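Residue numbers for the sequence shown follow our numbering, so the first one is 276 and each next one is one higher.
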Amino acid sequence: MIESLLKTQVISPLETRFKMNQQLVHTVKLKFTKEFNSTPLMIFSPGRINIIGEHTDYNDGFVFPAAVDKGIVAGLFKSNSDQSTAYAIDKNEKIFFQAKDVKPSKSGTWHNYILGVVAEINKKNLPLGNFNIAFAGNIPRGAGMSSSAALENSVVFGLNELFGLNLSKEEMIFISQKAEHHFVGVNCGIMDQYASMFGIENNALHLDCRSIQANPFKIELGEYQLLLINTNVKHTLSDSAYNNRRAVCEHISKLLTIKALRDATKEMINSIQDQVSKEDYQKALFIIQENQRTIDASKAIIEGDLNRLGALFYQSHEGLQHLYKVSCEELDFLVDATRDNKNILGSRMMGGGFGGCTINLIKISEVPSFSKYISKVYFKQFNINCSIYDVNLSDGTHIIK
Ligand code: GLA
Numbered sequence: 276m277i278e279s280l281l282k283t284q285v286i287s288p289l290e291t292r293f294k295m296n297q298q299l300v301h302t303v304k305l306k307f308t309k310e311f312n313s314t315p316l317m318i319f320s321p322g323r324i325n326i327i328g329e330h331t332d333y334n335d336g337f338v339f340p341a342a343v344d345k346g347i348v349a350g351l352f353k354s355n356s357d358q359s360t361a362y363a364i365d366k367n368e369k370i371f372f373q374a375k376d377v378k379p380s381k382s383g384t385w386h387n388y389i390l391g392v393v394a395e396i397n398k399k400n401l402p403l404g405n406f407n408i409a410f411a412g413n414i415p416r417g418a419g420m421s422s423s424a425a426l427e428n429s430v431v432f433g434l435n436e437l438f439g440l441n442l443s444k445e446e447m448i449f450i451s452q453k454a455e456h457h458f459v460g461v462n463c464g465i466m467d468q469y470a471s472m473f474g475i476e477n478n479a480l481h482l483d484c485r486s487i488q489a490n491p492f493k494i495e496l497g498e499y500q501l502l503l504i505n506t507n508v509k510h511t512l513s514d515s516a517y518n519n520r521r522a523v524c525e526h527i528s529k530l531l532t533i534k535a536l537r538d539a540t541k542e543m544i545n546s547i548q549d550q551v552s553k554e555d556y557q558k559a560l561f562i563i564q565e566n567q568r569t570i571d572a573s574k575a576i577i578e579g580d581l582n583r584l585g586a587l588f589y590q591s592h593e594g595l596q597h598l599y600k601v602s603c604e605e606l607d608f609l610v611d612a613t614r615d616n617k618n619i620l621g622s623r624m625m626g627g628g629f630g631g632c633t634i635n636l637i638k639i640s641e642v643p644s645f646s647k648y649i650s651k652v653y654f655k656q657f658n659i660n661c662s663i664y665d666v667n668l669s670d671g672t673h674i675i676k
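1. Going straight from the alpha carbon of H330 to that of S591, what length do you get?
2. So what does DSSP say about I487, is it helix, strand or coil?
3. Does the stretch 629-643 come into contact with the stretch 505-521, if we say contact requires no fewer than three beta-carbon pairs (one atom in each stretch) closer than 8 Å?
4. Between the beta-carbon of G346 and the beta-carbon of A409, is there less than 7 Å?
5. Rounded to the nearest angstrom, how far is the Cβ of L440 from that of I396, given a contact under 8 Å?
6. Which same chain residues, not among the five before or five after V652, have their C-beta less than 7 Å away from its C-beta?
7. At a threshold of 6 Å, does C484 count as lining the ligand GLA (C-beta to nearest heavy atom)?
8. From what residue to what residue does the alpha helix (DSSP H) around Y499 run?
9. Spatial neighbours of G585 within its chain, please: CB distance less than 7 Å, with the 5 preceding and 5 following residues excluded, ordered by chain position.
10. Given Q564, which residues of its chain have a CB within under 7 Å of its CB, disregarding the five upstream and five downstream residues?
11. Compare the Cα-Cα distances from N355 to each of D615, M317, G404 and report the closest residue.
12. What are the boundary residues of the beta strand (DSSP E) that D665 is part of?
13. Near L502, what residues of its chain come up, given a Cβ to Cβ distance below 7 Å and the 5 sequence neighbours on each side ignored?
14. Measuring only the C-alpha atoms, how far is N505 from S640?
15. Taking the alpha-carbon positions, what's the S423 to W385 distance?
16. For I475, collect the residues of the same chain with a Cβ closer than 7 Å to its Cβ; drop the 5 residues on either side in sequence, then sort them by chain order.
17. Could you have a look at R583 and say whether DSSP puts it in helix, strand or coil?
18. Are there 16 or more other CB atoms within 10 angstroms of the CB of Q452, so buried, or fewer, so exposed?
19. Where DSSP assigns a beta bridge to K493, which residues make up the other side?
20. Please determine whether the Cβ atom of G417 lies at a distance below 6 Å from any heavy atom of the ligand GLA.
21. Taking the beta carbon of A522 as the centre, do at least 16 other beta carbons fall within 10 Å, making it buried, or is it exposed?
22. Verify the contact flag: C632, CB atom, against every heavy atom of the ligand GLA, threshold strictly below 6 Å.
23. Thinking just about the alpha-carbon of each residue, which of V343, N312, V377 is nearest to the one in F352?
24. How would you label N658, buried or exposed, when you count the other beta carbons within 10 angstroms and need 16 or more for buried?
25. Using C-beta distances below 6 Å, list every residue in its chain close to I527, excluding the 5 sequence neighbours before and after it, in chain order.
26. Does the beta carbon of N658 come closer than 7 Å to any beta carbon on chain D?
27. Is the separation between the beta-carbon of F645 and that of R623 shorter than 7 Å?
28. Relative to the alpha-carbon of G433, which residue among C661, T308, I318, G328 has its alpha-carbon at the smallest distance?
29. Determine the extent of the beta strand (DSSP E) in which N635 is found, giving its start and end residues.
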């Protein structure tokens, strides 16, 4: 019984996935044409992974994400009626609005990613008119692979094209980010939107979140690969906990009279230790250490030192678990289950936390047996299936020809 359940959870190899993406494009195009009676402009906007550097982005620090070959496919075109329609194909839900006058939707969910982007474009007084959009995706919600940034970017990228808004890619990612701040209520950093927009095939981007400049790193791991394991849980409170972490970091920066924790050292936070709680001290300490690990990881990749990279994964997880406190039982279980496996060099939770995926550095030949093992023990422990994805690093948001 368990075995047969497990089989369905392993996502298929490259060629099958390429076909899955083609299928997605086909579906979106067909649904759009049927619904709106016009041929859409088609956009693909990817989700992302992050090699290392969690919660460092809103501290002006470094992150190391990459776009993947899963994401959102959106079809868009100008509306010939006096209203706009957004159609979430997967949910079979529609919303109607005036592009020039949008307000946050109370029912939340996907509505605000789209409405928020429209509102941010309006703030710039750009010539935006009514439009229709239909979209579908293949990133599981709550996987921590940024389906939300992928959706926001697909909207702003598509509207920029359709209405000739003349926005640069950098302006577009800030529009997407602000949509999330103002309409969704999550004070996210810039990592997700950047990676989704600027991704480069086979590369990860070592991004400086202060200068918004990235160095691409070709990811060649020899007999190793990256493997994601999705806990398939997303604990509530994750948004408020996220905003709380950001507020703590900003509070400590203020005490230190610096712009962001990227500028802090351990000595500096030690000097104000008596002015902050132990928990807040630990959070600041984590950011300083994680930022350094992100720099160290880029060196390890240049030197081809995968053992070092793997060790940094484990250290990152320990910090996220014990100092920054954004992990959860399911993530910790998945990481712990790799510790005695000599064919796995590193494992850590990925993304904002409280659920979603772990990212693992694993020997390619070990993947089948480890997948089987982890599926079995995870199900036994939590009575939920985990899902396993291998990743292909891909190009950022683009028009589908
Ligand atoms: C979420 C946010 C990002 C980043 C990560 C944690 O994905 O959207 O900006 O802060 O969490 O690294």
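Each residue gets a CB set at the ideal place from its N, CA and C atoms; glycine is no exception.
Values in this document were obtained by computation on a predicted structure and should not be read as measured data.
The relevant details are as follows:
1. Numbered from 1 along the sequence shown, position 55 holds the residue referred to as residue 330. Numbered from 1 along the sequence shown, position 316 holds the residue referred to as residue 591. Taking the straight line joining both Cα atoms gives about 11 Å.
2. Position 212 of the sequence shown, counted from the start, is the residue given in the question as residue 487. If DSSP states are grouped into helix, strand and coil, I487 belongs with coil.
3. yes
4. The residue you call residue 346 lines up with position 71 of the sequence shown. The residue you call residue 409 lines up with position 134 of the sequence shown. No, they are not a contact pair.
5. Along the sequence shown, read from residue 1 onward, the residue named residue 440 stands at position 165. Along the sequence shown, read from residue 1 onward, the residue named residue 396 stands at position 121. Yes, L440 and I396 are in contact; Cβ-Cβ is about 7 Å, under 8 Å.
6. Sequence index remark: in the sequence shown, residue 652 carries index 377 (1-based). Excluding positions up to five away in sequence, the list reads A612.
7. Your numbering for residue 484 matches position 209 in the sequence shown. No, the ligand GLA has no heavy atom inside 6 Å of this Cβ.
8. Here residue 499 refers to the residue found at position 224 when the sequence shown is read from its first residue. Segment 499-509 is the beta strand (DSSP E) holding Y499; no alpha helix (DSSP H) there.
9. One-based indexing of the sequence shown puts residue 585 at position 310. Taken in chain order, the residues that qualify are L620, G621, L636.
10. Taking the first residue of the sequence shown as 1, we reach residue 564 at position 289. Correct list, in chain order: G594.
11. Position 80 of the sequence shown holds residue 355. For N355, the nearest C-alpha among the options comes from G404.
12. In the sequence shown, counting from the first residue as 1, residue 665 sits at position 390. Residues 662-665.
13. Numbered from 1 along the sequence shown, position 227 holds the residue referred to as residue 502. Excluding residues within five positions, the ones whose Cβ falls inside 7 Å are N635, I637, V642, I663, D665.
14. Reading the sequence shown from its first residue, position 230 is the one you call residue 505. Reading the sequence shown from its first residue, position 365 is the one you call residue 640. C-alpha separation (whole angstroms): 20 Å.
15. Numbered from its first residue, the sequence shown carries residue 423 at position 148. Numbered from its first residue, the sequence shown carries residue 385 at position 110. About 8 Å.
16. Against the sequence shown, residue 475 aligns to sequence position 200. Closer than 7 Å at the Cβ level, and outside the excluded window around I475, lie P491, D670.
17. Residue numbering aside, residue 583 sits at position 308 when the sequence shown is read from its first letter. Here R583 sits in helix by DSSP.
18. Counted from its first residue, the sequence shown places residue 452 at position 177. Under this definition Q452 is a buried residue.
19. Against the sequence shown, residue 493 aligns to sequence position 218. Paired residue(s): N478.
20. Taking the first residue of the sequence shown as 1, we reach residue 417 at position 142. The answer is no for G417.
21. What you label residue 522 is simply residue 247 of the sequence shown in a count that begins at 1. Under this definition A522 is an exposed residue.
22. Translated into positions along the sequence shown, residue 632 becomes position 357. Not under cutoff, so the answer is no.
23. Within the sequence shown, residue 352 is the residue found at index 77, counting from 1. Residue N312 is the option with its Cα nearest to F352.
24. Counting from 1 along the sequence shown, the entry for residue 658 is found at position 383. Label assigned to N658: exposed.
25. One-based indexing of the sequence shown puts residue 527 at position 252. Hits under 6 Å: A559.
26. No chain D appears in this structure, which consists of one protein chain only.
27. Position 370 of the sequence shown, counted from the first residue, corresponds to residue 645. Position 348 of the sequence shown, counted from the first residue, corresponds to residue 623. Cβ atoms of F645 and R623: not closer than 7 Å.
28. Within the sequence shown, the letter at position 158 stands for residue 433. When each option's Cα is compared against that of G433, the closest is I318.
29. On the sequence shown, position 360 is the one that residue 635 refers to. Note, N635: beta strand (DSSP E), 630-638.
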